[in-house]
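See below for the structure under consideration.
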Amino acid sequence: EAQVTQNPRYLITVTGKKLTVTCSQNMNHEYMSWYRQDPGLGLRQIYYSMNVEVTDKGDVPEGYKVSRKEKRNFPLILESPSPNQTSLYFCASSLSGRHEAFFGQGTRLTVV
Amino acid sequence: AQRVTQPEKLLSVFKGAPVELKCNYSYSGSPELFWYVQYSRQRLQLLLRHISRESIKGFTADLNKGETSFHLKKPFAQEEDSAMYYCALASTSGNTPLVFGKGTRLSVIA
Chain A
85 EAQVTQNPRY LITVTGKKLT VTCSQNMNHE YMSWYRQDPG LGLRQIYYSM NVEVTDKGDV
145 PEGYKVSRKE KRNFPLILES PSPNQTSLYF CASSLSGRHE AFFGQGTRLT VV
Chain B
47 AQRVTQPEKL LSVFKGAPVE LKCNYSYSGS PELFWYVQYS RQRLQLLLRH ISRESIKGFT
107 ADLNKGETSF HLKKPFAQEE DSAMYYCALA STSGNTPLVF GKGTRLSVIA
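Quick note, the sequences are listed as chains A and B, same order. My numbering runs 84 ahead of the 1-based position in the first sequence. My numbering runs 46 ahead of the 1-based position in the second sequence.
In structure tokens, the structure reads:
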């Protein structure tokens with residue numbers, strides 16, 4: 085089954101404790117991206133990747149890192165999480181920026 | 047710059063009433079436009095794209111280049127249509143990120 089898988093689904097952590105949210109797709113898509121979803125602000129893009137070893141900042145990259153060492157994986161790293169990063173995070177993949185984006189189930193992160 | 051505007055944060059309609067979710071865009075070329083839907087506690091999924099010109103779940107959307115709009119319409123709303131709707135724009139080249147509007151929450155009242 086074609087899908088985008090994120091882990092974990094829920095995470096509560098403390099300020100400053102490094103964490104990684106994984107994202108994996110099995111559709112051989114070149115394009116992957118991370119979004120955060122906050123009430124009243126909609127979806128905001130954090131980082132995106134056009135291909136392996138190619139990543140670029142989105143609208144709200146501060147406090148986040150990403151890597152794209154393999155085509156299928158695009159982890160989101162929070163080196164020192166802060167409470168303002170409490171949000172619902174979505175990973176997405178697509179053939180290109182013009183094609184349908186497939187989204188993961190979301191990761192609800194709470195930083196206390 | 048590419049921009050997508052959804053002017054309504056919340057739209058409430060009665061069951062059986064017509065629905066129109068507004069989307070306006072700003073883009074200098076020929077855009078690719080999409081509507082995505084997010085039902086409660088579910089992931090976003092594609093509802094329709096302008097290039098396919100198909101009707102999904104009774105929804106249609108027409109690209110109006112003169113008004114730079116891509117409004118989503120349905121003649122008779124159903125309770126199961128209650129969800130968050132996002133309009134999105136892709137560039138002609140596909141080499142830049144998909145740009146989303148802030149979304150409109152549709153609430154269909156029985």
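Note that beta-carbon positions come from the ideal geometry of N, C-alpha and C, so glycine has one too.
| task | Can you say whether Glu78 of chain B is buried or exposed, counting buried as having 16 or more other CB atoms within 10 angstroms of its CB? | result | The count along the second sequence starts at 1 and reaches residue 78 of chain B at position 32. Buried: at least 16 other Cβ atoms inside 10 Å.
| message | With a threshold of 8 Å between beta carbons, is Thr51 of chain B in contact with chain A? | response | As a first step, residue 51 of chain B is located in the second sequence; it is residue number 5 there, counting from the start. So no, Thr51 of chain B is outside the interface.
| task | For Asp108 of chain B, count neighbouring Cβ atoms within 10 angstroms of its own Cβ and tell me buried if that reaches 16, exposed if not. | result | Sequence index remark: in the second sequence, residue 108 of chain B carries index 62 (1-based). By the neighbour-count rule (16 or more Cβ atoms within 10 Å), Asp108 of chain B is not buried but exposed.
| request: Following the continuous beta strand (DSSP E) through Cys175 of chain A, name the residue where it begins and the one where it ends. | output: For the purposes of this step, residue 175 of chain A is identified with residue 91 of the first sequence, where counting begins at 1. Segment 171-178, the beta strand (DSSP E) holding Cys175 of chain A.
| field | Partners in chain A for Gly112 of chain B, counting only beta-carbon separations shorter than 7 Å | value | Reading the second sequence from its first residue, position 66 is the one you call residue 112 of chain B. Those do not exist, as Gly112 of chain B stays about 22 Å from chain A at its closest Cβ, beyond 7 Å.
| Is Pro64 of chain B closer than 8 Å to Gly142 of chain A when the C-beta atoms are compared? | Here the question's residue 142 of chain A lines up with position 58 in the first sequence. Here the question's residue 64 of chain B lines up with position 18 in the second sequence. Against a cut-off of 8 Å, the Cβ pair of Pro64 of chain B and Gly142 of chain A comes out as no contact.
| query | Which bits of chain B does Phe174 of chain A rub up against, with CB to CB less than 8 Å? | reply | The residue you call residue 174 of chain A lines up with position 90 of the first sequence. Neighbours of Phe174 of chain A on chain B, chain order: Arg89, Leu90.
| task | Please classify Asp143 of chain A: does DSSP put it in a helix, a strand, or coil? | result | Position 59 of the first sequence holds residue 143 of chain A. Residue state, collapsed to three classes: coil.
| Selection of the stretch 175-190 of chain A by Cβ proximity to chain B, strictly under 9 Å | Ala176, Ser178, Leu179, Ser180, Gly181, Arg182, His183, Glu184, Ala185, Phe186, Phe187, Gly188, Gln189, Gly190
| Reduced DSSP secondary structure (H/G/I, E/B, other) of Glu126 of chain B | One-based indexing of the second sequence puts residue 126 of chain B at position 80. If DSSP states are grouped into helix, strand and coil, Glu126 of chain B belongs with the helices.
| query | So Leu57 of chain B packs on Leu67 of chain B, CB below 8 Å; how close in whole Å? | reply | By 1-based counting over the second sequence, the position of residue 57 of chain B is 11. By 1-based counting over the second sequence, the position of residue 67 of chain B is 21. Going by Cβ atoms, the distance from Leu57 of chain B to Leu67 of chain B rounds to 6 Å, so yes, they are a contact pair.
| request: Give the DSSP-derived three-state secondary structure of Asn70 of chain B in the structure shown. | output: In the second sequence, counting from the first residue as 1, residue 70 of chain B sits at position 24. Looking at Asn70 of chain B - three-state DSSP - the assignment turns out to be strand.
| Can you give, in chain order, each stretch of the beta strand (DSSP E) that sits fully within the stretch 58-117 of chain B and has at least 3 residues? | 65-67, 70-72, 78-84, 91-95
| Any idea if Gly100 of chain A is buried or exposed, counting beta-carbon neighbours within 10 angstroms, 16 or more meaning buried? | Along the first sequence, read from residue 1 onward, the residue named residue 100 of chain A stands at position 16. With fewer than 16 Cβ atoms within 10 Å of its Cβ, Gly100 of chain A is classed as exposed.
| request: Please list the partners that Asn141 of chain B has in chain A, where partner means a Cβ-to-Cβ separation under 8 Å. | output: For this step, residue 141 of chain B is matched to residue 95 along the second sequence. Near Asn141 of chain B (Cβ distances below 8 Å), the residues of chain A are Met134, Ser180, Gly181.
| query | Using a Cβ-Cβ cut-off of 7 Å (strictly less than) and excluding sequence neighbours within five positions of Thr170 of chain A, which residues of its own chain qualify? | reply | Counting from 1 along the first sequence, the entry for residue 170 of chain A is found at position 86. Taken in chain order, the residues that qualify are Leu193, Thr194, Val195.
| field | Beta carbon of Arg120 of chain A nearer than 8 Å to that of Val105 of chain A | value | The residue labelled residue 120 of chain A in the question sits at position 36 within the first sequence. The residue labelled residue 105 of chain A in the question sits at position 21 within the first sequence. Taking 8 Å as the Cβ cut-off, Arg120 of chain A and Val105 of chain A do not qualify as a contacting pair.
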